[in-house]
Every structure is written in C-alpha cells, then in structure tokens.
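Which chain is which? The protein sequence lines are A and B, in order. Throughout, the numbering used here is defined as the position within the first sequence, counted from one, plus 1438. Throughout, the numbering used here is defined as the position within the second sequence, counted from one, plus 197. Ideal placement from N, C-alpha and C gives every residue a C-beta, glycine not left out. The block underneath contains the structure these notes are about, expressed in structure tokens.
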Amino acid sequence: MSPTSHAPMFVREMGLPLRFSLYVLLCLFLLALDARYAALSGLRAGLNTVLHPVQMVLAQPWHWLRGAGGFFVTHGEVSAENAELRQREERLRADLLDRRALADENAQLRALLALPPRPGVIAVVGEIQAALPDPFARKVVINRGEAHGLAAGWPVVDAAGLVGQVTRVFPWTAEVTLLTDRGQAAPVQNQRNGLRIIVSGQGSDSLLEVRFLDAHADLKAGDLLYTSGIDGVYPAGIPVAEVVRTEQPRHSPFARALCRPLGGVGQYRHVLVLKPEPAAAPTQPQQPSPRKSPESRHAPR
Amino acid sequence: MPRAEPGISKPLLPQGAELVAPPTPARVYVSLAMALAATLLPWADGMLWLVPDFTLMALLYWSIRAPRLAGLGVACLLGLVTDVAAGVLMGLNALAYCAATFVILMVRRRLEGFDVPRQALQLAPLLLGKEALVLLAGLMLGLPQADWRWLAAGLVAALLWLPLAWLMDRLTGYTRVAAQGEAGPRVRV
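The structure is reproduced here in structure tokens:
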C-alpha cells in the first residue's frame, strides 16, 4: 500500500491498539535478544556502517570550524607553544633514555628470574569523534575500528593515564567505555606500598571509587594508583588515579576510597589504543637449575 | 489499483487541515530525516543530557498533522536507528517512540484543535514520559545505573516545541485559521 495523505473511505486494516501491541511485542523481543543473548551485533554493525558516513558528513562543518579557528592563532602564541613543546620534547627524550636503560635492566632481571617477558603493546592512535547519547553508560566513539585491527577488550589510554576500554568494534569506528562508567573496573596497585586493589567507576565524571576496601588497608589521600597488570587486560604500569580521600561508612565493615582519574577521561580528542601483543609462549616450567646459564634465556629484542 | 480519472481520487468531503496543504510524503520523510540528522550531530559531551529528541518531536508533529504518513511503523524504524546511533540496547528507543506515537494517535483529534503553546503544554508530559520510559526500561533490563539528568531533555523538547511547531506550521502552509475553514479551503497563509 502506498502511503496516501488522506484517509481511505473503507478502513481495511488492524485497529490502532492491535498494531501498537504488535510493535511493542517486536520491540520487547529485540530488547530481550540484545540484553540477554547479544544476538543482534550483526544487525547493529550493519546499521552502524550505514550511519557512519552520515555522521561523518554531519561532523564535517565542526571540523572545518575548528580548523578555521586554529588558522587564526597569533604568531606569538605559536612561538610560545613551540618553545614549550621543544622543552617538553627534550625532557621526554631524557626520560626515554632512562626508560630504555630501565627496560634493558628489567629484561635482564626478568631473564635471571626466568619470568615471562612483559607483554609489549603497539599503540593505535584514534581520534574521539563523539560522545554517545546513552544515559546508561559513559562511552565515546573513536575513528578506528575493525579495519584498523582493533578488537573489543583493548585498553585505551592518553598521555596522562588510563581512559577506558574498547567495548564494541564496528568496521570503521569503535565504542570506548570510559573508566568512569559504573560497569568499568581496573585492577591497580598503590605505587607507595604495592597494595593491590580494584578501582571502579561510579558514574560521575570526576571521581572513581575503591569499593570494599579493607578497613585497615594502608591507603592515604595522595597515593598514586597504577595498573597492576594481573588481569591480563590492562598492561602493568599505566597511571590510573590519585586517591582523594578514604572514608569508613558507619554500617559497613568495609572502607571506601574516592579517587580522581589521572587520564583525561572525556577531555582530550586523541587517545591511544593499546594492542596486547600475543603473549610469548609461557616459559618452560622451572628448569632444573635456573642459575646455570642466565645469558641463554635473554629475550631476543 | 490504477487511477482512472485524476479527479476521482480526491476525497468528496473537506477533511480539515489536509485540504489546505496536504503534507506530501516527501515533506514528511525529508523533515523526519532532518530531525534524525539533528540528533546525530556531534553535540558537546557536557550538554548531551540537555539535547532534546528532535526525531521524536518531528514524529509527534507529523503524527498529529499527517497520521497516515507517519505512524507506528515509522516510529519503530526511527527508534531502531536511534538505538544504533546511541549505542543503547536495540529496541529501547523504538519502544518509547511507539508508545509516544500511540498516545498521540489516540488523542490527535483533540491536539489538532489547540494552538502551538497549548499543544506544548499537552505534549510536555509525553515528551518527559518518553525519557522516563527509556530510563526505567533500561534499569529494568539490568543496566547498572541511569543518569536521571536526562529527564531534562524532555522539558527542553517541550520548550522547543513552541518555535519548532510554529515554524513547521508556517513552512507546511498549515495555520489554525485556515484549518477551521474561516479562510476557506486551499488558502495558504
């Protein structure tokens, strides 16, 4: 039936309540499929592939505006920024030298202890395209997807620290769930004393929390929390949060700590997606005498 | 069925507003697509909870003005597209859109007679209810937490109904004076 703008003289169709119930049933069916069985990822990826070019086109004027704004910065600003960047680069280069020496030393020590080498990571740079209008979660969309080799589960960081995790991958885009989402958690280690805890989001943009903290745990305001790497998802040593305060609720045997995320969660435009390198084959179960020839087990670079 | 005479398919009796400026499928679907595009714009992260649901507003507008062109099927389809764009569970917005359209189709004869400010007043609970329905349905389906600030989008939508519906009335040639037949049929204002 082609849609006409006027009513037909003889109505030959289902009544409105019946049609409504059918559509409600369809929606509930889809909801159940998606919520319980995750069976609609193909349909979602397909529709997303159609929507993506449209969204790109719609976002284009904003890109041009930002580009035009950047064109008109003054010479003074540029040269000041250039000087600052130069300084920072020199500092970073010094740090890098230091880090390389440390990495060498670490590899040597690990070989001595016959530990498997730490999983390396390759970074993919992505640009945040938009925040998702989702009232239930804190998510952003980045412009890297399956075509760039991304997969769900990979950690996302920026220059300052952990930002979140890739949760859904589409052909050219990916959804990143931010660390501040209530469903996200990261295993961390206190830098000061090595205490291992789990930091989770609490749905607020500026605070993370440690739930169910031991009442006597040694955690103080100002402590820095780094990923511990024991979950196999986040590589160890990424800055995550700084403890703001700990509190002891009256009716709970557990304490609770509030932390401030270090990474610019929802602030920067560019993020790094860390690719977990396929972990090296697990080392042989304890050789008879691990101290015999440590040099032979040096990991090839 | 092929039309024999061009004049025969016209309705015999004047049918209210539709005689003045019949909403063509092109108008309806293009404006719905534009409303959907408005929701797909890269809105700033901090103000997402204030962005009204333009798609729903356009849908409700056409459900009042042209219920034979924009109805439950269109609502369901647009809802699914919105679900994918927002990354929420499939069917969440579709359900809310269908419910809102259903209510509108039930009371549309009454809404047709109101002027734009009174319409906005009547539609405010509906626009607010849609946001509440989405949040509640999500919570019932086991999502951990809902951001209740998003209810504000419903109020913003009710406020924006005033300029947008007025504009659409002017653009489509529909005015209340003409609808009442005082200016006679086929008069554009």
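Which residues mark the beginning and the end of the beta strand (DSSP E) in which residue i is found?
| i | result |
| --- | --- |
| G1507(A) | Run containing G1507(A): none in the beta strand (DSSP E); it sits in the alpha helix (DSSP H), 1479-1509. |
| R1606(A) | 1600-1607 |
| P140(B) | This structure does not reach residue 140(B), given that chain B is present from 198 up to 386, and the question cannot be answered. |
| I1770(A) | Because residue 1770(A) is not part of the residues shown, which for chain A are 1439 to 1739, the question remains open. |
| L340(B) | It is not in any beta strand (DSSP E) - L340(B) carries neither H nor E in the DSSP assignment. |
| R1694(A) | 1693-1699 |
| S1612(A) | Residue identity check: residue 1612(A) is Ala in the sequence provided, not Ser. It spans 1612-1616 - the beta strand (DSSP E) in which A1612(A) sits, taken as one unbroken run. |
Please look up how many angstroms separate the CB atoms of residue i and residue j, rounded, as I've assumed it's under 8 Å.
| i | j | result |
| --- | --- | --- |
| K327(B) | G351(B) | 7 Å |
| D1661(A) | Q1629(A) | 7 Å |
| P1673(A) | T1665(A) | 7 Å |
| A1549(A) | G1583(A) | That belief does not hold up - the Cβ atoms of A1549(A) and G1583(A) are roughly 38 Å apart, past 8 Å. |
| V281(B) | L1489(A) | 6 Å |
| V225(B) | A263(B) | 6 Å |
| W1500(A) | P239(B) | 6 Å |
| A1561(A) | L1712(A) | 6 Å |
| F1608(A) | N1486(A) | 5 Å |
When burial is assigned at 16 or more other CB atoms within 10 Å of the CB, is residue i buried or exposed?
| i | result |
| --- | --- |
| A1718(A) | In this prediction, A1718(A) scores a pLDDT of 49, lower than 50, which makes its location untrustworthy; the coordinate-derived value is nonetheless stated afterwards. Exposed is the call here. |
| A1451(A) | According to the sequence provided, residue 1451(A) is Glu. The question's Ala does not apply to it. Burial call: exposed. |
| D1472(A) | buried |
| D1536(A) | exposed |
| S260(B) | buried |
| W1502(A) | exposed |
| C295(B) | buried |
| D1542(A) | exposed |
| A343(B) | buried |
| L237(B) | buried |
| M365(B) | buried |
| P177(B) | Outside the displayed span of chain B (198 to 386) sits residue 177(B), for which this structure offers no information. |
When the Cα atoms are used, what is the spatial distance from residue i to residue j?
| i | j | result |
| --- | --- | --- |
| R346(B) | D1533(A) | 44 Å |
| A1552(A) | I1668(A) | 18 Å |
| L323(B) | M231(B) | 22 Å |
| P1677(A) | F251(B) | 40 Å |
| D242(B) | P1455(A) | 39 Å |
| V313(B) | R305(B) | 14 Å |
| L348(B) | L245(B) | 12 Å |
| N398(B) | P1571(A) | Past the edges of chain B, shown from 198 to 386, lies residue 398(B), and the structure says nothing about it. |
| N1581(A) | V1614(A) | 11 Å |
| L325(B) | H1689(A) | 37 Å |
| L266(B) | A255(B) | 12 Å |
| V1594(A) | Q1546(A) | 29 Å |
| A172(B) | L357(B) | Nothing can be reported for residue 172(B), as the shown portion of chain B is limited to 198 through 386. |
Which residues mark the beginning and the end of the alpha helix (DSSP H) in which residue i is found?
| i | result |
| --- | --- |
| N1631(A) | Segment: none, N1631(A) is in no alpha helix (DSSP H) and carries neither H nor E. |
| F299(B) | 289-310 |
| R224(B) | 222-237 |
Do residue i and residue j have their C-beta atoms closer together than 9 Å?
| i | j | result |
| --- | --- | --- |
| R1620(A) | G1641(A) | yes |
| A1623(A) | V1637(A) | yes |
| G268(B) | L292(B) | no |
| V353(B) | P1573(A) | no |
| V1682(A) | T1618(A) | no |
| V278(B) | L233(B) | yes |
| D1596(A) | V1709(A) | yes |
| G1599(A) | L1700(A) | yes |
| A1655(A) | A1693(A) | yes |
| R1649(A) | L1616(A) | no |
| A321(B) | A355(B) | yes |
When you compare the CB of residue i with every CB in chain E, is at least one pair closer than 9 Å?
| i | result |
| --- | --- |
| R1529(A) | The chain labelled as chain E is not found among the protein chains of the depicted structure, namely A and B. |
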